[in-house]
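Presented below is the structure to which this report refers.
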Amino acid sequence: MIEVTNLTRKYGDAYAIENLNFTIEKGKVYGFLGPNGAGKSTTMNILTGYIAATEGTVIINGHDILKEPGEARSCIGYLPEQPPLYQDMTVREYLDFAAELKGIDKEKRKQAVDEAMETLVLEEMSGRLIKNLSKGYKQRVGFAQALLGVPEILILDEPTVGLDPKQIIEIRSLIKELGKKHTVILSSHILSEVSEVCDHIMIISKGKLVASDSTEDLIKRMQPVTILRITAVADSESVEKAISGFEAVTECLVEETDEPGVVSVEVKYDSSQDLRMKIAKSFTENGCTIIEMNTEKATLEEIFLELTAEDETVSTEESTQMEQELAESVDDFLNEHGYGEIPEEQAYGPGDTEAEALSDFADELAGGRDRISKNVSYEYDDASEGSEITAESTEGQGEEELSDDGNL
Ligand code: ADP
Ligand code: MG
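Just so you know, we're using the numbering used here here: the sequence shown kicks off at 2 and counts up by one.
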């Protein structure tokens with residue numbers, strides 16, 4: 002029904018969306034999920050022919066949106082993020098005007114407007130000026146405009162933004178209802194909204210599609226899982242035996258540690274149950290002695306945030322500059338503390354991160370006694386505010402010690 006291929010839109014040198022590929026099938030409700038600035042509106046404006054793509058194609062029911070805009074657009078009803086409402090028109094005048102723009106024949110226009118007003122329960126407002134309507138009613142007028150002529154495909158850009166909770170519930174149930182007759186593409190930055198309303202979710206982040214799956218599968222894939230990390234005096238066979246009875250366990254990894262006879266175990270299971278006590282008991286029964294245990298949970302919300310998180314990788318150019326700056330500040334630090342310059346051979350080797358290089362060097366200086374660098378952080382004057390590079394280890398963050406909540 003809609004085929005999107007290699008869709009890219011640039012503003013200057015910046016990519017608003019980059020190389021999007023997806024297919025929209027008839028009769029489903031699709032959620033376009035992503036944080037602000039992800040590229041949702043840009044994509045929708047291209048799908049509906051409001052702006053042109055820099056590269057790529059959009060085919061709607063066999064019609065290229067650029068080559069046959071009339072045919073392609075006639076299948077679509079679009080509710081833009083900011084619908085162009087004419088404030089000094091009444092609701093009926095505006096919808097009549099919008100129907101004319103859409104090319105609906107004069108004799109069919111009144112019926113089309115009546116139907117759209119009925120669906121959006123706007124009849125009582127038909128004589129009101131748009132400027133005198135509440136935000137919720139204005140949104141409904143925009144919605145009615147999209148529905149004129151009963152298009153096969155409805156494209157709705159953040160239709161619930163700015164509405165109060167009651168209006169949000171109304172609009173969501175309306176979308177579900179419309180989904181029975183139309184193919185709907187809806188954008189939102191709210192995870193719970195798309196998972197409630199949509200059959201299929203596409204997650205967009207920084208102009209790229211990072212996930213696309215049926216809502217059911219995506220939720221299953223993102224089902225909150227508990228990761229239980231155990232250090233125990235045991236061998237892998239007994240650990241496997243201890244875990245084997247638990248059906249909820251989806252994964253169990255056993256690894257030897259540096260200490261002889263001590264293994265580290267990672268067990269994953271769905272978070273709807275708490276298996277900590279039972280697993281601990283089973284370990285004991287199988288002759289495994291737990292010396293440390295902690296848990297970590299990942300929720301759907303966290304996974305969405307992770308998928309759409311700020312991209313922290315830096316360009317090669319930036320990273321070279323950062324390395325130089327770091328090297329200079331290390332020199333300064335060492336000079337200040339009377340260590341002299343870093344010898345040439347201590348400069349970063351290929352693949353060395355600054356933290357590793359610094360840590361190696363500190364080891365060298367301290368004769369391997371203390372990793373002095375671990376407590377040192379360097380700040381740049383010209384880096385973005387509050388940004389700092391620290392050699393400190395971040396290991397163990399975000400873990401919840403079992404002993405803290407008194408269960409072991
Ligand atoms: P979303 O709808 O997901 O919030 P948009 O599609 O509006 O995201 O924007 C995607 C990116 O494109 C953003 O970084 C935004 O700043 C940029 N952008 C959008 N429109 C323009 C424009 N007219 N000129 C320059 N940059 C734009
Ligand atoms: Mg937007």
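Where is the CB? At the ideal position from N, CA and C, for every residue including glycine.
So what does DSSP say about residue i, is it helix, strand or coil?
{"i": "Phe23", "result": "strand"}
{"i": "Thr44", "result": "helix"}
{"i": "Gly143", "result": "helix"}
{"i": "Lys192", "result": "The sequence as given places Leu at residue 192; Lys does not occur at that position. The answer is helix: DSSP assigns Leu192 an H, G or I state."}
{"i": "Ala235", "result": "coil"}
{"i": "Ile18", "result": "strand"}
{"i": "Glu267", "result": "strand"}
{"i": "Gly13", "result": "coil"}
{"i": "Tyr95", "result": "helix"}
{"i": "Val255", "result": "strand"}
{"i": "Thr317", "result": "Residue placement at Thr317 cannot be trusted, given a pLDDT of 44 that sits under 50; what the coordinates show is reported in the next sentence. Correct three-state label for Thr317: helix."}
{"i": "Val114", "result": "helix"}
{"i": "Asp200", "result": "coil"}
{"i": "Asp214", "result": "strand"}
{"i": "Lys282", "result": "helix"}
Tell me which same chain residues have a C-beta within less than 6 Å of the C-beta of residue i, skipping the five on either side of it?
{"i": "Ser265", "result": "Thr232, Glu256 and Thr258"}
{"i": "Arg173", "result": "Val198"}
{"i": "Thr317", "result": "For Thr317, the pLDDT reaches just 44, beneath the cut-off of 50, and the residue's location in the model is therefore unreliable, although a value from the coordinates is still provided. Answer for Thr317: no residue qualifies."}
{"i": "Gly288", "result": "Ser239"}
{"i": "Ile202", "result": "Gly32, Leu34, Val195, Thr216 and Leu219"}
{"i": "Gly78", "result": "Ala147, Leu148, Pro152 and Leu155"}
{"i": "Ala73", "result": "Ile61, His64 and Ile66"}
{"i": "Phe305", "result": "Leu192"}
Can you give the beta carbon distance from residue i to residue j, rounded, assuming they're within the 8 Å contact cut?
{"i": "Val263", "j": "Leu229", "result": "About 17 Å; that fails the 8 Å criterion."}
{"i": "Gln274", "j": "Ala243", "result": "About 17 Å; that fails the 8 Å criterion."}
{"i": "Asp200", "j": "Ser215", "result": "6 Å"}
{"i": "Ile25", "j": "Met45", "result": "About 12 Å; that fails the 8 Å criterion."}
{"i": "Thr285", "j": "Val234", "result": "Actually they do not touch by this definition, with Cβ atoms about 11 Å apart."}
Are there 16 or more other CB atoms within 10 angstroms of the CB of residue i, so buried, or fewer, so exposed?
{"i": "Ser378", "result": "Residue placement at Ser378 is flagged as unreliable, the pLDDT there being 36, under the threshold of 50; the coordinate-derived value follows with that caveat. Ser378 comes out exposed."}
{"i": "Asp106", "result": "exposed"}
{"i": "Tyr270", "result": "buried"}
{"i": "Ile170", "result": "exposed"}
{"i": "Ile292", "result": "exposed"}
{"i": "Thr43", "result": "buried"}
{"i": "Thr227", "result": "buried"}
{"i": "Ser320", "result": "Bear in mind that a pLDDT of 49 at Ser320, under 50, signals an unreliable position, so the number given afterwards is only what the model happens to contain. So Ser320 counts as exposed."}
{"i": "Gly40", "result": "buried"}
{"i": "Val122", "result": "exposed"}
{"i": "Gly71", "result": "exposed"}
{"i": "Glu260", "result": "exposed"}
Leaving out the 5 sequence neighbours to the left and right, which residues in its chain are closer than 7 Å to residue i when beta-carbon positions are compared?
{"i": "Asp89", "result": "Leu130 and Lys132"}
{"i": "Lys136", "result": "Gly163 and Leu164"}
{"i": "Gly180", "result": "Val30"}
Which residues in the same chain as residue i place their Cβ atom closer than 8 Å to its Cβ, once the five residues preceding and following it in sequence are excluded?
{"i": "Asn7", "result": "Asn20, Leu21, Asn22, Glu56, Gly57 and Thr58"}
Establish whether the CB of residue i and some CB of chain B are separated by less than 8 Å.
{"i": "Leu21", "result": "Annotation note: the requested chain B is absent from the structure, which comprises a single protein chain."}
Would you say the region 104-114 touches the region 144-163, given that touching needs at least three Cβ pairs under 8 Å? yes
Could you check whether the region 176-193 touches the region 55-65, counting it as contact only if at least three pairs of C-beta atoms, one from each stretch, sit closer than 8 Å? no
So does the region 135-143 actually touch the region 30-40, counting three or more Cβ pairs closer than 8 Å? no
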